[in-house]
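I have placed the structure first, in the form of structure tokens, so that the comments after it can refer back to it.
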Amino acid sequence: FPPGSAMTWWAFSSCTTEMTVLENNMYLGQEGDRTLFSVEAINGRTIKAHSHFVTEDEIALMSGTHMIVQSQLSPAPNLYIIHLKQVEPEMMTLEPPFEGAHIYPKIPRPFYRKKRFMIPACLLLTLLIAAVVIGVILGTKSKPIKYVCDNPFEPFDAVDTGHFPSSSVLGYFDNDTYIDVAIANSNDNTVSLLLGDQKQIFRSTRPAIGQSPSSMIAVDLNNDKKIDLVVTNTDDDTISVLLSLGNGIFLDAVAYDVGQGPTFAASDDFNNDGQPDLAIANRDDMTVSILFNNGFGLFPNSTYFSLNFTASVIIAGDFNGDKIMDLAVSFTLNPSVNVFFGIGNGNFNLAPNYSTGYYPISMISTDINNDKNLDLAVTNSDDGSVTLLLNNGDGSFTTSTLNSIGFELDFLITADFNNDNNADLAILDTYAYTVNVLLGYGTGNFQYNISYPLTFYPLYIAATDFNNDNKLDLAIISNDDYSTSILLGLGNGNFDSDPKDVDTESALWLLSYDFNGDHNQDLALIAQEDDNIIVILGSGNVTFLTPLSNKVGGFPYQVISSDFNNDTKQDVAVINQDDGELQVLFGHGDGFFDTPITYIVGKLPSCVVAMDFNSDNILDLAVSTIEDATVVVLFGTTNGSFIIQQAYKFNGSLTCVTSADIDNNGYPDLIVTNTGNNTVSIFFNNGSGTFIYSKDYKVGRTPNFLTIGDFNNDNSTDLVVANSGSNNISVLINNGNGSFSNVTNYAVGKGPIYVSVGDFNNDTNIDLVVINGDSDSISVLFGVGNGIFHAQRTYKTGGNPTSVIVGDLNKDNRPDLSVTNSKTGSLSVYVNICKG
């Protein structure tokens with residue numbers, strides 16, 4: 113056995129450390145040639161517990177183990193010690209007993225089973241698992257979500273509608289590129305259209321003010337080159353200051369206390385600080401209040417002085433030429449005018465009193481005789497005359513009278529109507545229903561008046577160029593027919609005798625300014641019955657986008673719009689609750705519609721939706737009813753008519769129906785809210801327009817309305833329900849197969865009755881807007897994108913909001929809001945200002 117020799121161990125062997133064991137005749141013995149093997153075993157196993165001798169320390173080696181001779185020596189005669197070492201096997205552990213014999217097949221092992229690959233791979237996998245676990249833990253920690261913007265809407269712009277508007281819908285009804293709105297007016301039994309154009313969003317604004325507003329002036333109070341408004345409120349002894357945003361919309365009114373029964377206002381710099389202050393004539397306590405401007409349109413300080421009589425009109429001007437503003441006050445019950453000279457610090461000294469005709473009711477200030485001094489003109493209602501007070505240059509006046517101007521003269525304005533650089537007058541006669549124009553000679557004398565008949569009781573008048581022809585026109589408001597009439601000026605002192613009427617409502621004051629900066633003249637009116645003002649935006653061609661009304665059935669409740677007869681023109685469908693009808697009106701494409709076609713659908717219809725239910729590429733309709741508790745399906749035909757199909761009966765009261773592909777099979781299904789059992793019911797469409805009941809889902813109390821959207825970005829239709837009885841909304845997330853997971857409720861305002869969706873803060877996630885009918889507000893809830901929504905942000909609306917529509921009203925690619933208000937008969941428009 114030379115060192116390095118390979119050998120194979122075949123026998124079962126044992127070993128020991130005791131020589132007495134080795135010298136036993138069973139083993140080596142003590143005589144003859146003896147060979148002792150010293151073995152280094154790798155895969156050996158101790159079997160001491162099973163040894164025949166207690167002194168043995170045996171190791172068992174498997175037969176066929178590969179060995180190699182490490183060394184050899186002979187420590188005694190005939191005794192040889194050979195040191196062996198087991199070889200680590202590369203191919204197999206045991207050598208076959210004969211050539212060609214295979215105890216087991218060769219197992220091919222891939223590279224990754226080798227230790228030099230397995231250890232690094234296991235370490236890398238461990239690190240990856242640890243990273244995932246840490247990421248999940250950190251990812252689930254709550255952290256504030258950064259909004260693109262958290263206040264996307266500016267103060268609302270209110271557009272006058274009919275009485276008790278209950279529903280609205282957007283559409284392109286006059287075939288221009290500016291979106292219009294159709295509104296169902298329940299008390300009028302009409303559908304009104306408000307047509308949008310390039311210059312404005314619909315028609316008017318309606319900011320709320322104090323009680324019984326009586327007069328109004330327009331002036332830039334905060335030096336931002338935007339015209340603001342000041343209104344006197346007689347019944348609550350305040351004035352309202354409305355600062356303009358420059359687009360025809362005003363901030364909420366700020367009220368300031370003044371004297372008792374304020375009736376008239378004037379503005380100028382009374383304390384020589386360069387800021388426009390206010391002077392208010394107070395009827396009931398016979399005082400004048402002076403409010404000092406701090407330069408920001410705010411009035412923290414004020415003073416007052418007493419009068420001897422009840423004031424009717426107050427005017428500011430420098431009457432004595434000392435560069436300090438004075439005041440002129442007329443007194444109705446004591447027919448006279450007093451002039452108060454300012455001393456430059458907001459206080460005034462009394463000047464002489466000048467008599468007028470009987471019951472002076474209106475007064476203006478201008479240079480009547482071209483001597484560069486401010487004169488005064490006063491209309492006297494009881495004797496039909498005009499008193500002229502010509503300024504002598506020192507603040508004293510010479511009086512004269514223009515008699516027989518009319519019967520009961522009222523409001524008076526001055527302007528140059530015939531372009532001769534002389535002051536002319538226009539005066540309303542409330543007895544004769546006329547407007548009288550007196551052309552001035554520039555000497556204090558006037559031509560005999562030209563009278564223009566009106567068809568209504570005139571209240572107030574304003575002069576400006578409404579049609580941009582560089583000729584002054586006249587606007588007169590009436591309370592008889594809730595309208596404003598425009599008399600177009602011819603530029604020579606004459607006016608078109610055919611007035612252009614603009615529908616308004618009960619109003620008693622009128623101003624004309626360019627409120628929205630489009631270089632077209634707009635109107636501002638006081639609507640006393642509703643304690644608000646109306647700003648009507650002009651378009652530069654004497655049109656103010658008056659609503660077009662279409663007569664329908666009793667108590668129209670909801671209106672939708674689509675092209676039902678395939679003529680590429682927008683039509684409308686409206687449900688009328690009193691008559692149990694569905695009516696379809698085909699559009700002409702110019703804002704007008706045909707006479708309605710009527711279909712009887714059941715008692716108290718509550719909701720209507722349009723969709724192609726039977727897969728024939730023609731729009732069909734579905735209508736829910738409250739008293740009958742049915743959903744009626746109507747199949748459409750190619751000519752726009754409808755055929756009533758099956759009615760699906762429920763237990764309870766159905767408040768709304770909508771349609772969407774809930775189970776992702778390509779067919780629109782029906783979703784119905786039921787206030788009888790506070791549920792949402794799902795009906796699956798089989799593709800032919802027949803519906804099969806699926807399941808009910810419990811929501812909040814008194815579910816009134818629902819709409820759809822993908823709230824968690826999984827391309828499945830989710831639901832949101834407005835629950836008026838529990839003052840919350842319920843969000844139902846679709847599992848992708850038409851079933852819904854647990855309902856999540858979110859608190860909103862009082863009496864939520866309508867909900868709609870849109871991305872209001874430009875973060876690509878769907879948000880919600882909710883109408884709160886009992887708290888006169890809307891709630892906006894921003895979506896996170898995973899089906900969760902943040903707490904509400906509220907915005908005030910008009911009285912009794914009933915519905916909201918989402919659409920880009922001003923073509924800036926941001927969704928705006930339009931809210932119908934039934935109590936105030938208006939449409940509130942919220943322009944989206946989010947820049948995200």
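With the numbering used here, the residue at position 34 of the sequence shown is 146, and numbering never jumps. Note that CB positions come from ideal geometry on N, CA and C, so glycine has one too. What you are looking at is a predicted structure, and each value in this text was computed from that prediction instead of being measured.
Its Cα nearest to that of residue 837, the residue 862 stands out among 754, 862, 849 and 491. For residue 398, DSSP assigns no beta-bridge partner whatsoever. Here the segment 345-355 does not lie against the segment 412-432, with fewer than 3 beta-carbon pairs under 8 Å apart. With a cut-off of 8 Å on Cβ pairs, the segment 858-878 is not in contact with the segment 777-793, counting fewer than three such pairs. Shown here, residue 692 sits in coil according to DSSP, grouped into three states, outside any helix or strand.
Burial check for residue 914: the Cβ neighbour count within 10 Å reaches 16 or more, so the residue is buried.
Secondary structure of residue 241 (DSSP, three-state): helix.
Separation of the CB atoms of residue 586 and residue 538 is rounded to 6 Å, and the pair is thereby assigned contact status at 8 Å.
For the pair residue 423 and residue 393, the CB atoms are nearer than the 7 Å cut-off. Comparing C-alpha distances from residue 425 to each of 451, 901 and 385 shows the shortest one belongs to 451. Between residue 899 and residue 841, the C-beta spacing is not below 7 Å. Per DSSP, the beta bridge partners of residue 710 are 695. Residue 589 is not a Cβ neighbour of residue 547, given a cutoff of 7 Å. Following the DSSP letters along the chain, one finds residue 804 inside the beta strand (DSSP E) bounded by residues 803-810. When the Cα atoms are used, residue 684 and residue 544 turn out to be separated by approximately 44 Å. Of the residues 825, 525 and 781, the one whose Cα lies closest to the Cα of residue 804 is 781. Each residue's CA atom was taken as its position, placing residue 405 and residue 437 some 15 Å apart. Closest by C-alpha distance to residue 945, out of 933, 925, 723 and 932, is 925.
Nearest in C-alpha terms to residue 456, of all of 520, 385, 524 and 483, is 385. In the three-state reduction of the DSSP assignment, residue 374 falls in the strand class. The criterion of a C-beta distance shorter than 7 Å is not satisfied by residue 442 and residue 400. Between residue 715 and residue 737, the C-beta gap is smaller than 7 Å, which places the two residues in contact. Contact annotation, residue 689 with residue 669: C-beta distance approximately 5 Å; criterion of less than 8 Å satisfied. Where residue 388 is concerned, there is no enclosing beta strand (DSSP E), because DSSP gives it neither an H nor an E. Taking all protein chains in view, the Cβ of residue 818 is crowded by 16 or more other Cβ atoms within 10 Å, so the residue is classified as buried.
When rounded, the separation of the alpha-carbon atoms in residue 197 and residue 150 is 8 Å.
With respect to residue 418, residue 403 sits apart: the two C-beta atoms are not nearer than 7 Å. About 5 Å separates the CB atoms of residue 605 and residue 551; that is less than 8 Å, so the two are in contact.
Counting along the chain, residue 572 sits inside the beta strand (DSSP E) bounded by residues 570-576.
By the C-beta density criterion, residue 694 is buried, having at least 16 other C-beta atoms within 10 angstroms.
Judged by their CB atoms, residue 743 and residue 769 are nearer to each other than the 7 Å cut-off.
472 is the residue among 486, 820 and 472 whose C-alpha sits nearest the C-alpha of residue 493. For residue 909, the closest of 940, 934 and 923 by C-alpha to C-alpha distance is 940. Selection 923, 920, 895 and 887 evaluated against residue 906 yields 887 as nearest (Cα-Cα). Its Cα nearest to that of residue 176, the residue 119 stands out among 119, 603, 239 and 240. Counted as a single uninterrupted DSSP element, the stretch harbouring residue 583 is not any beta strand (DSSP E), since DSSP gives it neither H nor E.
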